[in-house]
């Protein structure tokens, strides 16, 4: 997201401007989470107690306890200031601080996301590069068929196939849980393969785009060896878009492990969120949504900064 | 469907020819058509009522009586699969429709309005894009309550910002086009310009995005159904069927494999078809 209205001339102003946008985006994300929960039809206190069939007094008491009886602006200001202090409220179901619950679940999600990311990058980028270099050959077709499978096959089905094969039939791996490293293998494979699909397709498209540029033609016309054309010209220019794509995927993995965690019975942020939705535990929903969206924003910010560092032109234009 | 962009492709025949030359397109088109026909004709094709419980025939493997086997309640899986296509594909279609129409409206508003109003729209679109779409859909379902109609609304709303962004850029470039200036000079009203100039121009890219988007939307719908946030039992819906069948993976793997395969094949077909349509619309070589 480059803004050309400001005559930025140094990396430092780029850094400052990008950090400011990032901070504003975080504030905006917090505002949207708050607005979604408080402006949509329905009273949060009633929603939360609807299941237990609590008497009206209980609803009024809960409303007072969470501060729902105060004006919206006051609620918003209070919520923002407590969020800024790291206080995300108390879970109604667990009766424990939301931040504590998130702190417990986050390592498991991070572990899964990083393992899946490693698989996705290790598989997706080489597939995309090979497909672009051997364009329209059988290698390309095979690579892109694999990629479409990665895009299209739902993780809850590929995961099920793996569970059936490795847990039910062969009994090599545990079907669920997160106690041992072996329990990480299948979830990481499933999620990594699903992420490798889009990554391979985008890598191929990016590289093809670059290989069609004039400077590549010029480099070839100069008589440069094909290896040098690819390594010195194509790869270097492909790095920034690839980094951006990969970074978005990492943010997406951190946020998108919901289904995988549920399927494999793994603890994690996604699992916490889905349970909170089923139990209508609004403070947890609000807190987890904020943290996931925040991570996503920060991942994108980090990628933008790295892109600006690799290719200063990105920020200086 | 009206051909969205005759000018970009050199005619309907050009689009069709280019699209058909792509490998895998016929396969994709045939599968998509089959899936849609299954959904439309489910009541006539299904050998049994989808919710008919027969307790003597629980978890049976594929047989002449039950071509795809039965589930835990002895319900015929083929019938449930056909009716499930209705629920899953119907919700996905509705969600894409919501995303396209609302996204175009928001995008045109953002591209057309000037000053702080235009900036405000852009900021809102950017902020919504800062959420992973699945998270946004989850949040909306959380607040509206689980169910097929809320699922369509939630997945649809989560798709709005992507369409709005594409359409906004079209709106921006069209607003300053000379034929719009000419129309204005001839006294055309804003609503006339929006209807006759901006809307048709924005339609082609929005539909191109939609063809690529359908697969993702089907996956989201099935995923939320799998998580228990879509259809309520005993309704037949692919995601929910997969969830229900998962518990009998060891004894009756077909109960979860069949709906899973249906989802995967449909999304593969839609993706292949969407790729071809995008390539043809953008005049891109395969």
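Residue numbers (our numbering), protein chains in the order written: chain A, 1 to 317; chain B, 1001 to 1286. For each residue, glycine too, the CB sits at the ideal point set by N, CA and C. Since the model is a prediction, treat every value here as computed from it, not as a measurement.
Sheet register partners of residue i (DSSP bridge)
i	result
residue 1070(B)	1076(B)
residue 90(A)	97(A)
With 16 other Cβ atoms within 10 Å as the buried cut-off, status of residue i
i	result
residue 1066(B)	buried
residue 136(A)	exposed
residue 1241(B)	buried
residue 73(A)	exposed
residue 150(A)	buried
residue 286(A)	buried
residue 1190(B)	exposed
residue 1161(B)	buried
residue 66(A)	buried
residue 1076(B)	buried
residue 310(A)	exposed
residue 1214(B)	buried
residue 1202(B)	buried
residue 14(A)	buried
residue 1163(B)	buried
residue 1243(B)	buried
residue 1186(B)	exposed
residue 217(A)	exposed
residue 281(A)	buried
residue 37(A)	buried
residue 60(A)	exposed
residue 215(A)	exposed
residue 317(A)	Caution is warranted here: a pLDDT of 39 is assigned to residue 317(A), below 50, making its placement in the model unreliable, and the coordinate value is therefore given only provisionally. The residue is exposed, with fewer than 16 neighbouring Cβ atoms inside 10 Å.
residue 271(A)	buried
Residue nearest to residue i in terms of C-alpha spacing, selected from the options
i	options	result
residue 1081(B)	1258(B), 1223(B), 1281(B) and 1267(B)	1258(B)
residue 211(A)	232(A), 198(A) and 193(A)	232(A)
residue 1264(B)	1192(B), 1194(B), 1120(B) and 1221(B)	1221(B)
residue 1145(B)	1043(B), 1268(B) and 1228(B)	1228(B)
residue 127(A)	230(A), 202(A), 289(A) and 303(A)	202(A)
residue 338(A)	109(A), 143(A) and 96(A)	With chain A covering only 1 through 317, there is no way to say anything about residue 338(A).
residue 116(A)	227(A), 246(A) and 166(A)	246(A)
residue 254(A)	226(A), 138(A), 228(A) and 105(A)	105(A)
residue 1196(B)	1102(B), 1070(B) and 1108(B)	1108(B)
residue 283(A)	54(A), 34(A), 25(A) and 176(A)	34(A)
residue 1281(B)	1211(B), 1102(B) and 1110(B)	1211(B)
residue 122(A)	197(A), 55(A) and 170(A)	197(A)
residue 325(A)	70(A), 101(A) and 244(A)	A query on residue 325(A) cannot be resolved here, the shown segment of chain A reaching from 1 to 317 and no further.
Chain-ordered neighbours of residue i on chain A, where CB pairs are closer than 7 Å
i	result
residue 1315(B)	Because chain B here runs from 1001 to 1286, residue 1315(B) falls outside it and cannot be looked at.
residue 1256(B)	160
residue 1246(B)	160
residue 1226(B)	156 and 259
residue 1281(B)	By Cβ distance, chain A contributes nothing, its closest Cβ being about 15 Å from residue 1281(B), past 7 Å.
residue 1219(B)	154
Start-to-end residues for the alpha helix (DSSP H) that takes in residue i
i	result
residue 1209(B)	1199 to 1226
residue 1192(B)	1190 to 1193
residue 172(A)	Careful: residue 172(A) lies outside any alpha helix (DSSP H) and carries neither H nor E.
residue 281(A)	Here residue 281(A) belongs to no alpha helix (DSSP H), and DSSP marks it neither H nor E.
residue 141(A)	138 to 152
residue 1173(B)	1148 to 1175
residue 1179(B)	1178 to 1185
residue 1141(B)	1133 to 1144
residue 221(A)	214 to 221
residue 76(A)	72 to 84
residue 166(A)	First-last for residue 166(A): undefined, no H or E at that position.
residue 1260(B)	1254 to 1281
residue 1025(B)	1025 to 1045
residue 193(A)	182 to 211
residue 1125(B)	1115 to 1129
Listed by chain order, chain B residues near residue i by CB distance under 8 Å
i	result
residue 76(A)	Near residue 76(A) there are no residues of chain B at all, since even the closest Cβ is about 16 Å away, more than 8 Å.
residue 25(A)	1126, 1127 and 1130
residue 293(A)	1130, 1131, 1132 and 1135
Interface partners of residue i on chain B, CB under 9 Å
i	result
residue 28(A)	1123, 1124, 1126, 1127 and 1130
Chain A residues whose Cβ lies nearer than 9 Å to that of residue i
i	result
residue 1271(B)	148, 151 and 152
residue 1215(B)	151 and 152
Contacts of residue i in chain B (Cβ-Cβ under 7 Å)
i	result
residue 262(A)	1227
residue 321(A)	Since the first residue of chain A shown is 1 and the last is 317, residue 321(A) is not available in this structure.
residue 273(A)	1138
residue 164(A)	1249 and 1253
residue 289(A)	1135 and 1139
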